[in-house]
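See structure below.
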Ligand SMILES: [Zn+2]
């Protein structure tokens with residue numbers, strides 16, 4: 001996904017030191033982040049930065065899967081182990097379940113995955129079908145995109161649509177046209193990874209527009225600030241899509257901080273960094289703001305293996321500045 | 001704990017379900033009783049949170065012991081359960097006998113596709129499944145789980161492991177893992193009855209390890225080591241009872257000394273008035289313990 005060459009500092013714009021004081025007291029929701037690839041340090045700093053909930057879309061793992069059982073175990077980990085891991089840091093973990101576009105190209109496997117999906121999409125905390133859509137824009141991708149749109153419609157679930165990196169503008173239009181063709185309400189569809197080139201059409205057609213703040217390859221957050229200034233905060237949401245690539249799990253709070261600095265109103269910031277995503281995915285019936293306001297019941301023995309000092313639900317904090325490990 | 005019966009639980013369950021959905025759920029149950037399609041069982045089991053009244057979503061329920069919730073003469077302890085968990089366990093208790101192979105396959109499938117909360121309910125329900133001996137491997141696997149609430153559902157307030165985990169090694173793993181993960185040790189059912197010298201040995205090793213790392217040692221450990229006290233355990237306990245600043249830790253060691261069969265420990269205790277008063281068990285978690 002990324003090219004790992006050294007970037008020229010000058011081309012990266014001005015550096016502004018991270019200051020979370022700017023967003024102190026704000027709550028954040030990251031509606032697209034792949035926590036299976038992230039460490040407990042990330043969970044800790046996300047909680048510290050005010051992230052109270054997240055959505056982990058089912059995606060590919062960098063290495064293509066070759067069997068159905070690894071798909072099942074992956075989906076099970078999204079509703080099991082990862083949900084537990086997040087809860088230890090006081091973060092609510094939701095997910096979307098689907099067959100991603102890349103792996104849709106292995107048709108024999110894709111058929112088996114389609115049979116697996118109904119076992120997971122009705123689970124508690126599953127807030128949509130996702131992330132699905134186009135990558136190479138092949139016939140197989142289209143076939144499984146369409147089948148999963150039908151599945152979402154039947155289950156009454158929102159759809160989280162991944163748009164392609166290559167030929168993005170046309171791929172995005174096509175994703176929306178197909179969703180409309182299947183009779184989906186655009187208000188139930190979140191179009192992800194938007195750019196300046198796609199946002200207008202997405203909003204004009206009544207879809208939700210999600211933006212991925214991802215260094216080097218997707219949006220930078222200075223561009224994001226401009227978009228919110230130009231289009232306002234309605235039906236726009238920001239996510240990190242942090243995964244196994246060079247990415248930033250604090251992209252949402254950092255973007256909020258930049259918006260504060262840029263004079264965007266707190267109300268607008270709250271919409272694009274918290275509320276809009278909740279409103280969109282709450283249509284699943286599996287997520288509401290009340291749930292996010294409740295403190296996670298950590299007295300449920302939600303403790304980490306080998307650690308016994310977790311009373312009160314907090315994970316013990318590593319002292320990252322010390323060479324002593326105790 | 002006051003016991004209640006299965007019929008009473010059914011009445012409670014009905015009260016938590018949305019008014020217009022109780023009939024529908026009963027209809028599905030009789031359909032399952034007539035023809036238990038695995039797909040329908042899975043669907044009803046997963047959808048149970050959607051049947052719960054919003055006002056009951058956050059309730060936590062404790063009944064104490066429920067007799068006869070399933071076909072086995074093993075009580076279920078409802079302690080700090082969510083309404084969804086109570087409904088799920090009750091639903092599982094209604095699944096008819098299909099013959100061992102089909103019945104086990106049906107429940108196994110629910111385990112295989114379960115989310116975190118479903119896993120907790122499925123393990124909490126171990127005492128109610130038919131063919132109780134058939135669930136030993138499942139129980140052992142659950143004890144290995146890395147998900148805290150899953151382990152807790154098996155280890156604490158659950159009659160299944162002490163009654164049906166025949167293998168001593170498996171039982172000892174449960175207890176050792178409970179110490180490692182800081183579970184509520186005194187509420188492991190059958191802890192006293194299943195205590196054994198191999199467990200005491202492993203716990204002594206564990207205590208030495210904790211001591212070397214300058215980490216706290218759960219006082220319940222000494223209560224389990226007590227009946228099988230030997231020189232090695234005594235050496236460490238003697239050191240700790242002198243060094244310790246934690247009254248409960250000193251009381252546990254004094255109690256273990258007094259009730260042990262190891263002469264040196266009993267004499268050590270008898271020689272010292274302070275230890276005799278420390279060995280009093282009133283108000284301790286091991287008060288109801290009988291050697
Ligand atoms: Zn993604």
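Chains as they are written, first to last, in full-length UniProt numbering: chain D, 1 to 326; chain X, 1 to 291. C-beta atoms are modelled at their ideal positions from N, C-alpha and C, and glycine is treated no differently.
Exercise for review: Return the first residue and the last residue of the alpha helix (DSSP H) that residue 202 of chain D is part of.
Suggested key: Position 202 of the first chain, counted from the start, is the residue given in the question as residue 202 of chain D. From DSSP, the alpha helix (DSSP H) with residue 202 of chain D extends over 199-204.
Review point. At a CB-CB cut-off below 8 Å, which residues of chain X make contact with residue 80 of chain D?
Key: In the first chain, residue 80 of chain D corresponds to position 80, counting from 1. Those within 8 Å of residue 80 of chain D in chain X are 114, 115, 116, 119 and 147.
Practice item. Please list the segments of the alpha helix (DSSP H) lying wholly inside the stretch 73-113 of chain D, counting only runs of 4 or more residues, in order along the chain. Key: Those alpha helix (DSSP H) runs which fall completely within the stretch 73-113 of chain D and span 4+ residues are 81-87 and 101-104.
Check your understanding: Mind checking residue 321 of chain D: buried by the 16 CB within 10 Å criterion, or exposed?
Key -> Here residue 321 of chain D refers to the residue found at position 321 of the first chain. So residue 321 of chain D ends up on the exposed side.
Review point. Name the chain D residues that come within less than 8 Å of residue 170 of chain X, Cβ to Cβ?
Key: The count along the second chain starts at 1 and reaches residue 170 of chain X at position 170. Those do not exist, as residue 170 of chain X stays about 18 Å from chain D at its closest Cβ, beyond 8 Å.
Practice item. With hydrogens ignored, establish whether the beta-carbon of residue 34 of chain D is closer than 7 Å to any heavy atom of ligand 1. Key: Your numbering for residue 34 of chain D matches position 34 in the first chain. At least one heavy atom of ligand 1 is nearer than 7 Å to the Cβ of residue 34 of chain D, so yes.
Exercise for review: Could you please go through the chain and list the residues whose beta-carbon is closer than 5 Å to any non-hydrogen atom of ligand 1?
Suggested key: D:59 and D:241
Exercise for review: May I ask you to list the residues that DSSP assigns as paired with residue 194 of chain D?
Suggested key: One-based indexing of the first chain puts residue 194 of chain D at position 194. Beta-bridge pairing links residue 194 of chain D to no other residue.
Review point. DSSP on residue 54 of chain D, reduced to helix/strand/coil?
Key: Sequence index remark: in the first chain, residue 54 of chain D carries index 54 (1-based). If DSSP states are grouped into helix, strand and coil, residue 54 of chain D belongs with the strands.
**Study point:** Straight-line Cα distance separating residue 232 of chain D from residue 13 of chain X
**Key:** Sequence index remark: in the second chain, residue 13 of chain X carries index 13 (1-based). Sequence index remark: in the first chain, residue 232 of chain D carries index 232 (1-based). If you take the alpha carbons of residue 13 of chain X and residue 232 of chain D, they lie about 48 Å apart.
Practice item. Can you pull the chain D residues whose beta carbon is under 9 Å from the beta carbon of residue 256 of chain X, in chain order? Key: Working through the second chain from its first residue, we reach residue 256 of chain X at position 256. For residue 256 of chain X, there are no neighbours in chain D by C-beta distance under 9 Å, as the nearest C-beta there is about 21 Å away.
Check your understanding: For residue 49 of chain X, which residues in chain D fall below 7 Å Cβ to Cβ?
Key -> Translated into positions along the second chain, residue 49 of chain X becomes position 49. By Cβ distance, chain D contributes 124.
Exercise for review: Run the CB neighbour count on residue 7 of chain X, radius 10 Å, all protein chains shown included, and call it buried at 16 or more, exposed below.
Suggested key: Within the second chain, the letter at position 7 stands for residue 7 of chain X. Counting Cβ neighbours within 10 Å, residue 7 of chain X comes out exposed, since fewer than 16 surround it.
Review point. Which residues in the same chain as residue 106 of chain X place their Cβ atom closer than 8 Å to its Cβ, once the five residues preceding and following it in sequence are excluded?
Key: The sequence position of residue 106 of chain X within the second chain is 106, counting from 1. 36, 38, 41, 95 and 98.
Practice item. Work out the CA separation of residue 177 of chain X and residue 373 of chain D for me, nearest whole Å. Key: Chain D is shown only over 1 to 326; residue 373 of chain D falls outside these bounds and no answer can be derived.
Point to revise | Beta carbon of residue 132 of chain D nearer than 8 Å to that of residue 173 of chain D | key: Position 132 of the first chain, counted from the start, is the residue given in the question as residue 132 of chain D. Position 173 of the first chain, counted from the start, is the residue given in the question as residue 173 of chain D. Contact: no.
Practice item. Determine, using beta carbons only, whether residue 89 of chain D comes closer than 8 Å to chain X. Key: Within the first chain, residue 89 of chain D is the residue found at index 89, counting from 1. Residue 89 of chain D does not count as touching chain X.
Check your understanding: Who are residue 213 of chain D's beta bridge partners in DSSP?
Key -> To locate residue 213 of chain D, count along the first chain from 1; it is residue 213. Looking at the DSSP assignment, residue 213 of chain D forms a beta bridge with D:219.
Exercise for review: Tell me, please, which residues DSSP counts as bridged to residue 239 of chain D.
Suggested key: By 1-based counting over the first chain, the position of residue 239 of chain D is 239. Answer is D:212, bridged to residue 239 of chain D.
Review point. Would a check of beta-carbon distances place residue 281 of chain D closer than 8 Å to chain X?
Key: Within the first chain, numbered from 1, the residue matching residue 281 of chain D stands at position 281. No - not a single Cβ of chain X is within 8 Å of the one on residue 281 of chain D.
Check your understanding: By how many angstroms is the C-alpha of residue 93 of chain X removed from the C-alpha of residue 26 of chain X?
Key -> If you number the second chain from 1, residue 26 of chain X lands on position 26. If you number the second chain from 1, residue 93 of chain X lands on position 93. Taking the straight line joining both Cα atoms gives about 13 Å.
Check your understanding: Can you list, in chain order, the residues of its chain whose CB lies under 8 Å from that of residue 5 of chain X, leaving out five sequence neighbours each side?
Key -> Within the second chain, the letter at position 5 stands for residue 5 of chain X. The answer, listed in chain order, is 66, 67 and 68.
**Study point:** Residues near residue 121 of chain D by beta carbon distance below 6 Å, same chain, minus five either side
**Key:** On the first chain, residue 121 of chain D is found 121 positions in, with the first residue counted as 1. Excluding positions up to five away in sequence, the list reads 97 and 155.
Review point. Do you know whose CA, among X:216, X:192, X:273 and X:200, lies nearest residue 288 of chain X's CA?
Key: Along the second chain, read from residue 1 onward, the residue named residue 288 of chain X stands at position 288. The candidate whose alpha carbon is nearest that of residue 288 of chain X is X:192.
Review point. Looking only at C-alpha atoms, which of X:153, X:21 and X:61 sits nearest to residue 117 of chain X?
Key: For the purposes of this step, residue 117 of chain X is taken as residue 117 along the second chain, with counting starting at 1. Closest by C-alpha distance to residue 117 of chain X, out of X:153, X:21 and X:61, is X:153.
Check your understanding: Which of the residues in the stretch 33-46 of chain X, read from start to end, lie with their CB under 8 Å from any CB of chain D?
Key -> 42, 43 and 46
Exercise for review: Using a Cβ cut-off of 9 Å, pull out every chain X residue sitting near residue 84 of chain D, in sequence order please.
Suggested key: Within the first chain, the letter at position 84 stands for residue 84 of chain D. Neighbourhood of residue 84 of chain D in chain X, by CB distance below 9 Å: 116, 146, 147, 148, 149 and 150, in chain order.
Review point. If you count every other CB in all the chains shown that lies within 10 Å of the CB of residue 277 of chain X, and 16 or more means buried, which is it?
Key: Locating residue 277 of chain X in the second chain gives position 277, counting from the first residue. Burial call: exposed.
Point to revise | ligand 2 heavy atom lying under 7 Å from the CB of residue 146 of chain D | key: Although ligand 2 was asked about, the structure shown includes only ligand 1 as ligands.
Review point. To the nearest whole angstrom, what separates the beta carbons of residue 223 of chain X and residue 256 of chain X, a pair I think is in contact under 8 Å?
Key: Position 223 of the second chain, counted from the start, is the residue given in the question as residue 223 of chain X. Position 256 of the second chain, counted from the start, is the residue given in the question as residue 256 of chain X. Indeed they touch by this definition, with Cβ atoms about 6 Å apart.
**Study point:** Outcome for residue 127 of chain X when other beta-carbon atoms lying within 10 angstroms are tallied against a minimum of 16
**Key:** Here residue 127 of chain X refers to the residue found at position 127 of the second chain. The residue is buried, with at least 16 neighbouring Cβ atoms inside 10 Å.
Review point. Does residue 119 of chain D have its Cβ less than 8 Å from a Cβ in chain X?
Key: Taking the first residue of the first chain as position 1, residue 119 of chain D is located at position 119. Yes, contact with chain X.
Exercise for review: Would you check if the distance between the CB atom of residue 258 of chain D and the CB atom of residue 221 of chain D is smaller than 8 Å?
Suggested key: If you number the first chain from 1, residue 258 of chain D lands on position 258. If you number the first chain from 1, residue 221 of chain D lands on position 221. Yes. Within cutoff.
Review point. Are the CB atoms of residue 237 of chain D and residue 207 of chain D nearer to each other than 8 Å?
Key: Reading the first chain from its first residue, position 237 is the one you call residue 237 of chain D. Reading the first chain from its first residue, position 207 is the one you call residue 207 of chain D. No, the Cβ-Cβ distance between residue 237 of chain D and residue 207 of chain D is not below 8 Å.
Practice item. Ignore the nearest five residues each way along the sequence and tell me which others in residue 100 of chain X's own chain have a CB closer than 8 Å to its CB. Key: Against the second chain, residue 100 of chain X aligns to sequence position 100. Cβ within range, chain order: 130, 131 and 134.
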